[in-house]
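As they're listed, the protein sequences go chains A and B. Just so you know, we're using my numbering here: the first sequence kicks off at 278 and counts up by one. Just so you know, we're using my numbering here: the second sequence kicks off at 278 and counts up by one. Built from N, CA and C at the ideal position, the CB exists for glycine as well. In this text the structure is predicted, and so the values were computed from the model without any measurement.
There are 2 protein chains.
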Amino acid sequence: MVTVTTRDEEAVRGFVERLALLFADWGFPRMAARVLFALMTAEAPGLTANELAERLDASAAAISGAVRYLGQLGFVVREPVPGSRRDLYRLRDHTWYAGTATAVQFYDLVISAADEVLGAVGGPDTTVGERVAEMRDFFAFVRSRVPALLDEWQAARQARARARD
Amino acid sequence: MVTVTTRDEEAVRGFVERLALLFADWGFPRMAARVLFALMTAEAPGLTANELAERLDASAAAISGAVRYLGQLGFVVREPVPGSRRDLYRLRDHTWYAGTATAVQFYDLVISAADEVLGAVGGPDTTVGERVAEMRDFFAFVRSRVPALLDEWQAARQARARARD
DNA sequence: CCCTCATTTCACTGATTTGTGAAACCACTG
DNA sequence: CAGTGGTTTCACAAATCAGTGAAATGAGGG
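See below:
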């Protein structure tokens, strides 16, 4: 018996929608998230705007906005296809999440806001100041650990890749 | 010269709004965030619904909804005040952020979604499967490091507290 | 160099979220 | 066991956002 690995397109569709919704809940524009996961789950190296519109059942306009957004974030690059007018959109780096899941920018904003308000509450030795400083320190602590964490992951990943070869 | 530590209420107000907006961008209900930071920056141990409504210039109804939300999250407790009909709302734990900044729940959802779709794309040895598995592994890795990270922070915090005494 | 078709822009629609005012509710006080 | 006043609920208004259709734009291909 030969097992043909067919894709369960239905399930893949569900995955895309599920994750897109999850990301949307966390502030990521919804359509952009749908496009992102559609690209992640695409067997081809990239998809045209048309293919994206079809798979996501969205208008060309919506796709246009989404890929522009993803482009600004650096997640997606557009690639002209020789001999065709349809450009291909592809993920620049399949590990795009490594840069975002850590919310570094968010931490930084919290830290600076907390830092700046310290004077206004009478310094870090007042009751409120202590609380605020503690919050700042927490975020600063987590943030400071992020680079090492990513390094560690990269190292593990490369080790795994080597082991596969 | 004696320096009287007056609070710059204006600046504090700005801080509350700024952080609330930041959190709102990340999916936290806006009014709830405003209440949260109003409580954090309050000199009193807690605030009444009335005081919150005044400081935030919001209706009693909005406050009601926000504190209910914060109560469900366990961030805020309501405390009846003997001799007064006004209940006091206070932060249960000033380090509420330690439980959320890490987004553990988010990671878990990504992990399970990725895990479940693997079969539908032909297993982790297909091109797409490999990508999905890699994403799952990344989030699982980060997630696995969270507890140790929080422990480390707690330890540092307690060491600091001891040093202060 | 024009023509065609992919892509973008723009104005609008529908959905969702957020907050308000007023009435209902409820618990404490006297 | 009322009366008072704080809190919640509810229906609605405002603002925001996402997505569409259609027109405008513009980049190849012939």
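Task: DSSP three-state assignment for residue 356 (chain A), whether helix, strand or coil - done: Here residue 356 (chain A) corresponds to residue number 79 of the first sequence, with the count starting at 1. Reduced to three states, the DSSP call for residue 356 (chain A) is strand.
TODO: For residue 367 (chain A), name the three-state secondary structure that DSSP assigns.
DONE: Taking the first sequence and counting its residues from 1, the one referred to as residue 367 (chain A) is at position 90. Note: residue 367 (chain A) maps to strand in three-state DSSP.
Open item on the list: For residue 312 (chain A), report the span of its alpha helix (DSSP H) as first-last.
Closed with: In the first sequence, residue 312 (chain A) corresponds to position 35, counting from 1. 307–317 is the span of the alpha helix (DSSP H), which, as asked, contains residue 312 (chain A).
- [ ] With DSSP collapsed to three states, give me the class of residue 377 (chain A).
- [x] Residue 377 (chain A) sits at position 100 when you count from the first residue of the first sequence. Note: residue 377 (chain A) maps to helix in three-state DSSP.
Task: Minimum C-alpha distance to residue 319 (chain A) - residue among A:286, A:416, A:307 - done: Here residue 319 (chain A) refers to the residue found at position 42 when the first sequence is read from its first residue. The option with the nearest alpha carbon to residue 319 (chain A) is A:286.
TODO: Determine the burial state of residue 378 (chain A): buried for a count of at least 16 other Cβ atoms within 10 Å of its Cβ, exposed for fewer.
DONE: The residue you call residue 378 (chain A) lines up with position 101 of the first sequence. So residue 378 (chain A) ends up on the buried side.
Task: Option in B:353, B:284, B:283 with minimal Cα separation from residue 311 (chain B) - done: Sequence index remark: in the second sequence, residue 311 (chain B) carries index 34 (1-based). Measuring from the Cα of residue 311 (chain B), the nearest candidate turns out to be B:353.
TODO: Taking residue 326 (chain B) as part of the alpha helix (DSSP H), name the residues at either end of that continuous run.
DONE: As a working note, residue 326 (chain B) is residue 49 in the second sequence. Unbroken alpha helix (DSSP H) run through residue 326 (chain B): 326–333.
- [ ] Could you name the residues of chain A that residue 408 (chain B) contacts, counting a contact when the two beta carbons are closer than 7 Å?
- [x] Here residue 408 (chain B) refers to the residue found at position 131 when the second sequence is read from its first residue. Here the neighbours are 317, 371.
TODO: Determine the contact status of residue 396 (chain A) and residue 369 (chain A), defining contact as a CB-CB distance below 8 Å.
DONE: Here residue 396 (chain A) is taken as the residue at index 119 of the first sequence, counted from 1. Here residue 369 (chain A) is taken as the residue at index 92 of the first sequence, counted from 1. Cβ atoms of residue 396 (chain A) and residue 369 (chain A): not closer than 8 Å.
Open item on the list: Counting beta carbon pairs with one atom in the stretch 299–313 of chain B and one in the stretch 334–343 of chain B, are three or more of them shorter than 8 Å?
Closed with: yes
Open item on the list: If you reduce the DSSP assignment to three classes, tell me which class residue 351 (chain B) lands in.
Closed with: Translated into the one-based positions of the second sequence, residue 351 (chain B) becomes position 74. Three-state DSSP puts residue 351 (chain B) in coil, outside helix and strand.
Task: chain B contacts from the stretch 284–300 of chain A (Cβ-Cβ distance under 7 Å) - done: 284, 285, 288, 289, 292, 295, 296, 299
- [ ] Please confirm if the stretch 385–402 of chain B is in contact with the stretch 413–423 of chain B, defined as three or more CB-CB distances below 8 Å between the two stretches.
- [x] yes
TODO: Output yes or no for whether 8 Å exceeds the beta carbon distance between residue 375 (chain A) and residue 296 (chain A).
DONE: The residue given as residue 375 (chain A) occupies position 98 in the first sequence. The residue given as residue 296 (chain A) occupies position 19 in the first sequence. No, the pair does not count as a contact, with Cβ atoms beyond the cut-off.
Task: First and last residue of the uninterrupted alpha helix (DSSP H) at residue 299 (chain B) - done: Here residue 299 (chain B) refers to the residue found at position 22 when the second sequence is read from its first residue. Unbroken alpha helix (DSSP H) run through residue 299 (chain B): 286–302.
TODO: Select from A:424, A:405, A:441 the residue whose C-alpha is nearest the C-alpha of residue 314 (chain B).
DONE: On the second sequence, position 37 is the one that residue 314 (chain B) refers to. Residue A:405 is the option with its Cα nearest to residue 314 (chain B).
Task: Neighbour list for residue 404 (chain A) in chain B, Cβ cutoff strictly below 7 Å - done: To locate residue 404 (chain A), count along the first sequence from 1; it is residue 127. What residue 404 (chain A) touches in chain B: 320.
Open item on the list: Are the CB atoms of residue 303 (chain B) and residue 303 (chain A) within a distance shorter than 8 Å?
Closed with: In the first sequence, counting from the first residue as 1, residue 303 (chain A) sits at position 26. In the second sequence, counting from the first residue as 1, residue 303 (chain B) sits at position 26. In this structure, residue 303 (chain B) lies closer than 8 Å to residue 303 (chain A) by Cβ.
Open item on the list: Quick check on residue 402 (chain A): does DSSP put it in helix, strand or coil?
Closed with: Residue mapping note: residue 402 (chain A) aligns to position 125 of the first sequence, counting from 1. Three-state result, residue 402 (chain A): coil.
- [ ] With a 10 Å radius around its C-beta and 16 neighbouring C-beta atoms as the bar for buried, classify residue 380 (chain A) as buried or exposed.
- [x] Within the first sequence, residue 380 (chain A) is the residue found at index 103, counting from 1. Classification of residue 380 (chain A): buried, given that the 10 Å Cβ count is 16 or more.
- [ ] Starting from the Cα of residue 419 (chain A), find the closest Cα among B:407, B:434, B:409, B:417 and give me that residue.
- [x] Residue numbering aside, residue 419 (chain A) sits at position 142 when the first sequence is read from its first letter. Measuring from the Cα of residue 419 (chain A), the nearest candidate turns out to be B:434.
TODO: Identify the contact partners of residue 304 (chain B) in chain A, using a Cβ-Cβ distance below 7 Å as the criterion.
DONE: Sequence index remark: in the second sequence, residue 304 (chain B) carries index 27 (1-based). 302, 303, 304, listed in chain order.
Task: DSSP-derived helix/strand/coil call for residue 408 (chain A) - done: Within the first sequence, the letter at position 131 stands for residue 408 (chain A). In this structure, residue 408 (chain A) counts as helix in the three-state DSSP scheme.
- [ ] For residue 387 (chain A), go through chain B and note every residue whose CB falls closer than 8 Å to its CB, in chain order.
- [x] Walking along the first sequence from the start, residue 387 (chain A) turns up at place 110. Those are 296, 299, listed as they occur along chain B.
Open item on the list: Taking the straight line between their C-alpha atoms, what separation do you get for residue 425 (chain A) and residue 359 (chain A)?
Closed with: Sequence index remark: in the first sequence, residue 425 (chain A) carries index 148 (1-based). Sequence index remark: in the first sequence, residue 359 (chain A) carries index 82 (1-based). For residue 425 (chain A) and residue 359 (chain A), the distance between alpha carbons rounds to 42 Å.
Task: Member of A:371, A:401, A:299, A:321 whose CA lies at the smallest distance from the CA of residue 386 (chain B) - done: Start at 1 with the first residue of the second sequence, and residue 386 (chain B) comes out as number 109. When each option's Cα is compared against that of residue 386 (chain B), the closest is A:299.
- [ ] Determine, using beta carbons only, whether residue 432 (chain A) comes closer than 8 Å to chain B.
- [x] The residue given as residue 432 (chain A) occupies position 155 in the first sequence. Not one chain B Cβ lies under 8 Å of residue 432 (chain A).
- [ ] Leaving aside the five residues before and after residue 323 (chain A) along the sequence, list all residues of the same chain whose C-beta is less than 6 Å from its C-beta, in chain order.
- [x] Along the first sequence, one-based indexing puts residue 323 (chain A) at 46. Correct list, in chain order: 365, 366, 367.
Task: Amino acids of chain B, ordered along the chain, whose beta-carbon sits closer than 8 Å to that of residue 358 (chain A) - done: The sequence position of residue 358 (chain A) within the first sequence is 81, counting from 1. Result: empty, since nearest Cβ-Cβ is about 20 Å, beyond 8 Å.
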